[in-house]
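> Structure in structure tokens, see below.
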Amino acid sequence: MSSSPLFISQSFPPLQYPPLTSPSSCARPPPERLVFLLDKCRNLTQILQIHAVILRHGHENNSILSFKLQKSYSSVGHLDRSFTLFRRTEDPNVFLYTDIINACSSRGFRFEALELYVQMLTQGVEPNVYTFSSLLKSCLIKDGILLHSQAIKFGFDGDLFVRTGLLDLYAKGGDVVSARNLFDTMPERSLISLTAMLTCYAKYGELDEARALFDRIEEKDVVCWNVMIDGYAQNGRPNDTLLLFRQMLKAKLRPNEITILSVLSACGQLGALELAKWVHSYIINNGVRVNVHVGTALIDMYGKCGSLEDARLVFEGISGKDVVTWNSMIGSYAMHGFSKEALKLFDEMCSLGFCPTDITFIGVLNACAHGGMVSEGKKLFALMRDTYNLKPKVEHYGCMVNLLGRAGHLDEAYELIKGMNVDPDSILLGTLLSACRLHGNIGLGEEIANLLISRDLATDGTFVLLSNLYASAGDWDGVARVRAIMKDKGIRKEPGCSSIEVNNKVHEFLAGDLRHPKSKEIYVKLEEIEKRLKAHGYSPQIDTVLHDVGDREKEQSLGVHSERLAIAFGLISTTPNTTIKIVKNLRVCSDCHTVTKLISEITGRRIVVRDRNRFHHFDNGTCSCGDYW
Ligand code: ZN
Ligand code: ZN
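This is how it looks when you write it as structure tokens:
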């Protein structure tokens, strides 16, 4: 009973009783009156006054008063006092035990709660339904299995509260099967049990099943809606998040902070700026308080939707910024390749006395990697370890490998990976492989690819990179070997998908897509652009195409990469000065990068592309990444 500081002192705390001013204190007040008064107590001083009366008039052995007093102390946050009272009671009954177990459990003192339960059984006191529902609040799934059998033993497993507690426990612990079994055999279901079950599906990605359950709930409260809305947002289904949010508004339910945070995350995932602005104005018009959490989510959303100006405006407006707010703004600058701004903000944050976290360092190291700032990156990496005592994680190594690799320090990057105290993941090794391709280092590239394959970490990206590496060196046998492996293993390239928001609607395109209603116009526009590009001296980089086809087909397959369809659609459906904003699921290929630069030059349009790694701002023939991505 000593794992928490709360229970170190077993002696009665030195109570200072305030003087009693009430005239009724002269007569001996009946216990019922004191019970009534204890129920009305709202602070420690009031409880201490009643406690003094109880002692003065010899009521300390009254079991109801003892129970009320113990409960009152813990209810105003003085668990130590209620614990001392409990310890001084000779034969505590089930109510006293349950109350103290509940108080411990509610504050997360899981060991203490379980120890009290064992002590209670040893002393021959039988638990009741509330003992179980109190214990279930804090326990882990392994304790839960034992408690479940205890509940069966004492005949409480059919109780709605106990079942809901168990269901919640199994759901949180990831045991979907046990949770489902309990749920299916429940004689009656409360909104709480339904919500617990819904949380359990939604949490483990079984969204369609969760949705079916959600649709069956007749009177949904805001918690129910939040679970489903957040489930979609967390599992990368932003369109469903927003659809459900609209339904929630239609159902005349008032969203709370949790709903808003999920919706902001969904807008960020979609990268849809108009939608983002609509949600922001909804927040303002409906009096949702922009506290530091909502503000930080707004910054993150605007950053991901490509509007650093809006992100910065929100950032400036937040009073009481915390480190997460700073991280969000620094991360947004880094993602857009505004490296100097990111580092400037980092200095400002440190000079204001904020202590940077590991997330802050991911932001600034990324900024250095995107800006090719090798010496600054090295200094920050050292600062993180030596000054702030932060152990670098695989993500930090990823930024460093990216920084060193792109700058051509391939061996140094590889040495850094070898010296890591964590296992490299596929992203980290893939980053180095990508740098090998950039610098045409076949030897190291092969070594890294073999490492990825032998550790079962190879993805379609690994083979595409390796094949491109061989192709750029003119090693066609190598290309053929990679292609054979891919065919053998049944590896297919993840399809590219780009989206663009026009008139509040998000339009999605796959490579070579013909499904869009304006398909014909889009392809006519693409052809027109290609003619103009060729007149401008452009020739397609067909070595980046990984198909067993002739050059003409390779050229055609590049020509219909998803972002080009989205850009062409943007050009025909927006007014001449509008910036075209594209979101792509994969990294932009170097041919599309060249083409987008040229399009920005010949059409005079600004084009912003968010790919898997970062933002590219194309303007008048150049890109903000400096061709370094
Ligand atoms: Zn491309
Ligand atoms: Zn770029």
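Numbering-wise, this note's numbering comes out as the position in the sequence shown, counting from 1, plus 3. In this text, a Cβ means the ideal position worked out from N, Cα and C, and glycines have one as well. A quick note: this is a predicted structure, and the numbers were derived from the prediction, not measured.
#1: Taking the beta strand (DSSP E) that Phe501 falls in, what are its first and last residues?
#2: Any heavy atom of ligand 1 closer than 7 Å to the beta-carbon of Val591?
#3: In chain order, what residues of the same chain have a beta carbon less than 8 Å from the beta carbon of His399, not counting five sequence neighbours either side?
#4: CB-CB under 8 Å to Leu185, same chain, minus the five flanking residues each way: which ones, in chain order?
#5: Along the chain, which unbroken stretches of the alpha helix (DSSP H) at least 4 residues long are found entirely within the segment 296-373?
#6: Skipping 5 residues on each side, what residues in its chain have a beta carbon closer than 8 Å to that of Ile261?
#7: So which of Pro359, Gly411, Ala345, Phe357 has the shortest CA-CA distance to Val377?
#8: Please classify Asn96: is it buried, with 16 or more other beta-carbons within 10 angstroms of its beta-carbon, or exposed?
#9: Would you say the beta carbon of His596 comes nearer than 7 Å to a heavy atom of ligand 2?
#10: Relative to ligand 1, is the shortest distance from any of its heavy atoms to the C-beta of Leu601 smaller than 7 Å?
#11: Exposed or buried, Trp479, counting other C-beta atoms within 10 Å across all chains shown (16 or more means buried)?
#12: By a C-beta neighbour count over all protein chains shown, 10 Å radius and 16 as the cutoff for buried, is Val425 buried or exposed?
#13: Cα separation between Phe357 and Ala314?
#14: Given this structure, state the Cα-to-Cα distance separating Leu326 from Phe318, to the nearest angstrom.
#15: Alpha carbon to alpha carbon, how far is His373 from Tyr336? Give it in angstroms, no decimals.
#16: Based on Cα-Cα distance, which residue from His442, Met403, Ile445 lies nearest to Pro427?
#17: CB-CB under 8 Å to Arg31, same chain, minus the five flanking residues each way: which ones, in chain order?
#18: Since Asp633 and Gln126 should fall inside the 8 Å C-beta cutoff, what is the C-beta to C-beta distance between them, to a whole number of angstroms?
#19: Please list, in chain order, all residues of the same chain as Cys439 whose beta carbon is under 7 Å from its beta carbon, the five residues on each side excluded.
#20: Check whether the segment 273-284 touches the segment 499-510, counting contact only when three or more Cβ pairs, one atom from each stretch, lie closer than 8 Å.
#21: Could you give the DSSP three-state label for Ser27: helix, strand or coil?
#22: What does DSSP give as the partner residue(s) for Phe512 in the beta ladder?
#23: Taking DSSP as the reference, what is the three-state secondary structure of Asp83?
#24: List the DSSP bridge partners of Ile585.
#25: At a cut-off of 7 Å, would you count Leu529 as near ligand 1, judging by its Cβ distance to the nearest heavy atom?
#26: With Ala236 and Ala269 assumed to form a contact (beta carbons below 8 Å), what rounded beta-carbon distance in angstroms separates them?
#27: Cα-Cα, which of Thr134, Leu117, Ser265 is closest to Lys145?
#28: Got a sec: does ligand 1 put a non-hydrogen atom nearer than 7 Å to the Cβ of His619?
#29: Could you have a look at His60 and say whether DSSP puts it in helix, strand or coil?
#30: Go through its chain and collect everything with a Cβ distance to Ser27's Cβ below 6 Å, but skip five positions before and after it.
#31: Give the C-beta separation of Leu513 and Cys500 to the nearest angstrom, bearing in mind that I take them to be a contact with Cβ-Cβ under 8 Å.
#32: Decide if the segment 483-499 is in contact with the segment 522-538; the criterion is three or more beta carbon pairs, one per stretch, under 8 Å apart.
#33: Quick check on the DSSP output: what are the complete beta strand (DSSP E) runs of length 3 or more inside the segment 460-486, in order along the chain?
#34: Taking the straight line between their C-alpha atoms, what separation do you get for Gln544 and Ala474?
#35: From the DSSP output, in three-state form, read off Phe164 for me.
#36: Go through its chain and collect everything with a Cβ distance to Ala106's Cβ below 7 Å, but skip five positions before and after it.
Reading it off the structure:
#1: Sequence inspection shows Ser at residue 501; the Phe mentioned does not correspond to that position. Element bounds for Ser501: 500-505.
#2: Yes, since a heavy atom of ligand 1 falls inside the 7 Å radius drawn around the Cβ of Val591.
#3: Excluding residues within five positions, the ones whose Cβ falls inside 8 Å are Asp361, Phe364, Ile365, Leu368, Phe384, Met387.
#4: Here the set comprises Arg166, Leu169, Leu170, Tyr173.
#5: Complete alpha helix (DSSP H) runs here, min 4: 311-320, 326-338, 342-354.
#6: Exclusion of the five residues before and after Ile261 leaves Asn229, Asp233 as the residues of its chain whose Cβ lies within less than 8 Å of its Cβ.
#7: Of the candidates Pro359, Gly411, Ala345, Phe357, the one whose C-alpha sits nearest the C-alpha of Val377 is Gly411.
#8: The residue in question, Asn96, is exposed, as its Cβ has fewer than 16 Cβ neighbours within 10 Å.
#9: At least one heavy atom of ligand 2 is nearer than 7 Å to the Cβ of His596, so yes.
#10: In this structure, Leu601 has its beta carbon at no less than 7 Å from each heavy atom of ligand 1.
#11: The residue in question, Trp479, is exposed, as its Cβ has fewer than 16 Cβ neighbours within 10 Å.
#12: With fewer than 16 other beta carbons inside 10 angstroms of its own, Val425 counts as exposed.
#13: Distance between the alpha carbons of Phe357 and Ala314: 20 Å.
#14: Before going on, a small fix: residue 326 reads as Val here, not Leu. Distance between the alpha carbons of Val326 and Phe318 is about 12 Å.
#15: The straight-line gap from Cα to Cα measures roughly 10 Å.
#16: Answer by Cα proximity: Met403.
#17: Same-chain partners within the cutoff: His60.
#18: Because the chain in this structure spans residues 4 to 632, residue 633 falls outside the shown range and cannot be described.
#19: Within its own chain, the residues whose Cβ lies closer than 7 Å to the Cβ of Cys439, once the five positions on either side in sequence are excluded, are Leu413, Leu447, Gly448, Ile451, Leu472, listed in chain order.
#20: These segments touch.
#21: Residue placement at Ser27 is poorly supported in this model, since its pLDDT is 44, which falls under 50; the coordinates are not used for a value here.
#22: Paired residues: Ser501.
#23: The answer is helix: DSSP assigns Asp83 an H, G or I state.
#24: Residue pairing by DSSP places Ile585 opposite Ile503, Val612 in a beta bridge.
#25: At a threshold of 7 Å, Leu529 does not count as near ligand 1, since its beta carbon sits no closer than that to any of the ligand's heavy atoms.
#26: Confirmed, Cβ separation roughly 5 Å.
#27: Among Thr134, Leu117, Ser265, the Cα nearest to that of Lys145 is on Leu117.
#28: No, the Cβ of His619 stays beyond 7 Å of every heavy atom of ligand 1.
#29: It is coil, neither helix nor strand.
#30: Model confidence at Ser27 stands at a pLDDT of 44, short of 50, so the residue's coordinates are unreliable and nothing is read from them.
#31: Confirmed, Cβ separation roughly 5 Å.
#32: Short answer: they don't touch.
#33: DSSP runs (the beta strand (DSSP E)) wholly in the segment 460-486: none.
#34: Rounded to the nearest whole angstrom, the C-alpha separation of Gln544 and Ala474 is 11 Å.
#35: Helix, per DSSP.
#36: Excluding sequence neighbours, Ala106 sits near Ser77, Leu82, Ser85.
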